[in-house]
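Residue numbers (the UniProt record's numbering): 1 to 173. The beta carbon of each residue, even a glycine, is placed where N, CA and C say it ideally should be. This one's a predicted model, so the numbers in the text were calculated from it and none came from an experiment.
Rendered as structure tokens:
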């Protein structure tokens, strides 16, 4: 029997850290997202959708540039992740493999998570690096050269056990 969990938007943080090659780091987060997980041993699955317009780095001008020039939100409003494989690698460790779509480009990625579990909630945490060039998240040659291609994802996901999963699943099928 499988268990179904839905992201808790109040307790979940989807953040990132990008570094300039000449110093300085930009910390940001996304404030609008949704997702769910079905936990069923080796057949576990999940999905996450992040609205890229919700990017917040604490600098409105930079956020507008990220939306327009890096994410292209008028054409690609969301970033999605669909988990295809979940492998337990230790007592509280999981490797989640799936397809990450940014700017219309989909590539497989494996993200290692630390898992904390209670009867009613799952907490997944990671800091994982990805190369933004893989998804063409660049503005121009200058920013491609000045901003390091590796971006650290900072994820602290809390999902609450959800008894009525039929309704939630049909919304995202």
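Exposure label - residue 12; buried when at least 16 CB within 10 Å: buried
Counterpart residues of residue 51 in DSSP-defined beta bridges: 78
Closest Cα partner of residue 98 within the set 56, 89, 105 and 85: 85
Through-space distance from residue 149 to residue 169, alpha-carbon basis: The pLDDT assigned to residue 169 is 42, lower than 50, so where the model puts this residue is not dependable; a value taken from the coordinates is nonetheless given after this. In a straight line, the C-alpha of residue 169 is about 35 Å away from that of residue 149.
Status (buried if at least 16 other CB within 10 Å, exposed otherwise) for residue 174: The structure shown has nothing for residue 174, since the chain only spans 1 to 173.
Of the residues 130, 87, 92 and 134, the one placed nearest residue 124, counting alpha carbons only: 92
Three-state class that DSSP yields for residue 61 in the structure shown: helix
Pick from 118, 119, 17 and 88 that is closest to residue 58, judged by C-alpha positions: 17
Buried versus exposed, by CB contacts within 10 Å (16 or more), residue 35: buried
Sequence-distant residues of its chain with Cβ nearer than 8 Å to residue 127 (five each side left out): 152, 153, 154 and 155
Beta strand (DSSP E) segment containing residue 12, residue limits: Per DSSP, residue 12 belongs to no beta strand (DSSP E) and is neither H nor E.
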